[in-house]
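Here's the structure, in structure tokens; my notes come after.
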Amino acid sequence: MIKLMSENNGIFSQFCNLTPDLLDCDLHIHTVATDGKASVKEVIVHAEKIGLRRIAFTEHVRADSEWFFKFADDVRELGRQTKVTVLVGCEARILDNKGTLDITDTIRRECDVVLGSVHRFPDSTGGYLAFSEVPAQEFAQIEFELALGFLRHGHGDVLAHPGGMSIKFGYGFPNGLLRQLMRKACERGIAIELNSSYISNMYDFCSLAREENPLISIGSDVHKIDELGQCRNILKEIL
Ligand SMILES: [Zn+2]
Ligand SMILES: [Zn+2]
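The sequence shown begins at 80 in this note's numbering and counts up one residue at a time.
Written out as structure tokens, the structure is:
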């Protein structure tokens, strides 16, 4: 089912509508439940301290992540005890060019925010390519096709770290491809993530976002507590 912008529960704003208040959030956080270093409680306490208004716990999940339901309950319980708005989310891998996410409908229903991420490149036999074997000139295009598939067909709220693998492995991600992803995201009412851990040039990203004006999700991809609010801090400097 196509999700329209107005159905995104007002969690995301279009880039050109971002006001200083709306920047006070972090919507990409990992905890000790997966590969983060801090607990949910520690993150919430720190969020209060640094003046964030809204945070989303977006743990890595797979379709068989049965632990997630208890985790989601715990997050909601702790969220009731703070003035910070606490959202339950997850980060799910994009499995193919059709945008299939490694998630079940039951996990999805538990979430306020579902991030779709390219983390691996599938091969033709149901496995994954070793990044070292992917030809340099094809790298960004492969990542682009997976991300585009998610935006076209995927059932998620946010394309997380667009071009992130290409940037991480040193190939860069062309602005032309990023622009196409932003356009498709606008069409589908899916947010594009402004992820301070992966974007190599925040100015370039923001000037494209200003032109295409997609819904934006602000996330630091927090793994350590002092990374919380990092994306907000950068944006407050440059916007
Ligand atoms: Zn990720
Ligand atoms: Zn992440």
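Glycine residues also receive a C-beta, built at the ideal position from the N, C-alpha and C atoms.
Check this for me: beta carbons of Leu287 and Leu257, under 8 Å apart or not? A distance below 8 Å separates the beta carbons of Leu287 and Leu257.
Which word fits Ser144, buried or exposed, when buried means at least 16 other C-beta atoms lie within 10 angstroms of its C-beta? It counts as buried.
Lys82 by DSSP, collapsed to three states: which one? Its pLDDT being 44, under 50, Lys82 is placed unreliably in this model, and the value from its coordinates should be taken loosely. Three-state result, Lys82: coil.
For Leu97, collect the residues of the same chain with a Cβ closer than 6 Å to its Cβ; drop the 5 residues on either side in sequence, then sort them by chain order. Here the set comprises nothing.
Sorted by chain position, which residues of the same chain lie with C-beta nearer than 6 Å to Ser92's C-beta, five sequence neighbours on each side aside? Taking C-beta separations shorter than 6 Å and ignoring five residues to either side along the sequence, the partners of Ser92 in its chain run Leu101, following chain order.
From Lys149, Phe218, Ala226, Asn280, pick the residue whose C-alpha is nearest to that of Pro241; which is it? The shortest C-alpha separation from Pro241 is found at Ala226.
Please name the residue in Leu194, Gly158, Thr183, Ser211 whose C-alpha comes closest to that of Leu273. Looking from the CA of Leu273, the closest CA among Leu194, Gly158, Thr183, Ser211 belongs to Leu194.
Residues of its chain near Leu83, where Cβ-Cβ distance is below 8 Å and the 5 sequence neighbours each way are ignored: Reliability of the predicted coordinates at Leu83 is poor, the pLDDT of 43 falling under 50, and the value obtained from them is presented with this limitation in mind. Within its own chain, the residues whose Cβ lies closer than 8 Å to the Cβ of Leu83, once the five positions on either side in sequence are excluded, are Gly268, listed in chain order.
3-residue-minimum beta strand (DSSP E) runs that sit fully inside the segment 225 to 312, ordered along the chain: You should have 270 to 274, 294 to 298.
By DSSP's criteria, Leu194 is part of a beta bridge. Which residues make up the other side? Bridge pairing for Leu194: Glu170, Val237 [DSSP].
Could you confirm whether any beta carbon from chain C is found closer than 8 Å to the beta carbon of Gly251? Going by chain labels, chain C is absent from the structure shown, which holds only one protein chain.
With a threshold of 6 Å on Cβ separation, who are the neighbours of Asp300 within its own chain once the five nearest residues in sequence on each side are excluded? Excluding sequence neighbours, Asp300 sits near His107, Asn274, Ser276.
Simplified DSSP state of Asp175, which is helix, strand or coil: Annotated three-state conformation of Asp175 is coil, per DSSP.
Do Gly251 and Ser279 count as a contact pair if the criterion is CB distance below 8 Å? Contact: yes.
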